[in-house]
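**Q**
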Amino acid sequence: LVLNGISETKEIKGEIIKESSFENSDGKIEEETLYKGNVYYKDGSLHLSEGNSSKNKEKGDLKHSRLLMQEFSISRSSLKRLEVALKGYSFETGSASITYKLKNEQVNDYLGLENDAQLNMDINIFEPTVSGKNYGYSIVFRKDRLYHSEGIVGKLEGD
Numbered sequence: 107l108v109l110n111g112i113s114e115t116k117e118i119k120g121e122i123i124k125e126s127s128f129e130n131s132d133g134k135i136e137e138e139t140l141y142k143g144n145v146y147y148k149d150g151s152l153h154l155s156e157g158n159s160s161k162n163k164e165k166g167d168l169k170h171s172r173l174l175m176q177e178f179s180i181s182r183s184s185l186k187r188l189e190v191a192l193k194g195y196s197f198e199t200g201s202a203s204i205t206y207k208l209k210n211e212q213v214n215d216y217l218g219l220e221n222d223a224q225l226n227m228d229i230n231i232f233e234p235t236v237s238g239k240n241y242g243y244s245i246v247f248r249k250d251r252l253y254h255s256e257g258i259v260g261k262l263e264g265d
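Now the structure itself:
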């Protein structure tokens, strides 16, 4: 799911793509698109647009009508209580990242994990944020083969 805010119209629109990967007879990994459609955000929740492609192999389904970051808030005080697993800074790109160990029932429920499961939460901070030009963060939740990412990118006021 990728969403983009359109500041001129104050709309949030995007696209949802559901893919599956499998190993073919040659032992190579192939990807197949099961569903591809448009989404929009209105009144605090996500909605599928009508009239999505008939080429889809599956029916469109939004597992959640809200983004995880609308349900799970992050603050400095909550981050201080978490164990830091890894910190990083790239001199080549100017970006930074911090990985925390997280055990949270609300997040686990959203991601379909056992309530007591521990996962990694990566906070990636893009170079324009580090240098104070604009802002951009991605939050990635990882456990085994699960990978869920949400990002925020924008311009600072006055730019």
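Plus 106 on top of the position in the sequence shown (first one is 1) and you've got the working numbering. Idealized CB from N, CA, C, for every residue including glycine. Keep in mind that this is a model prediction, so the values were computed, not measured.
Buried or exposed: where does G238 fall if 16 or more other Cβ atoms within 10 Å of its Cβ makes it buried?
**A** Result: exposed.
**Q** Throw me the rounded Cβ distance for the I122 and G111 pair, which I believe falls under 8 Å.
**A** Contact doesn't hold; Cβ gap of about 16 Å is too wide.
**Q** Would you call the CB atoms of N226 and E220 closer than 9 Å?
**A** No, these two residues do not count as a Cβ contact at 9 Å.
**Q** Counting beta carbon pairs with one atom in the region 121–140 and one in the region 181–188, are three or more of them shorter than 8 Å?
**A** At 8 Å Cβ cutoff, the stretches do not touch.
**Q** Between K209 and H254, what straight-line distance do the alpha-carbon atoms span, to the nearest angstrom?
**A** Approximately 15 Å, taken between the alpha carbons.
**Q** Just to confirm the assignment, what range does the alpha helix (DSSP H) spanning K186 have?
**A** Per DSSP, K186 belongs to the alpha helix (DSSP H) from R182 to K186.
**Q** How about L174 and L152: are their beta carbons less than 9 Å apart?
**A** No, the pair does not count as a contact, with Cβ atoms beyond the cut-off.
**Q** Once you ignore the five residues that flank A223 on each side, which residues in its own chain have a CB closer than 8 Å to its CB?
**A** Excluding residues within five positions, the ones whose Cβ falls inside 8 Å are K209, N214 and K249.
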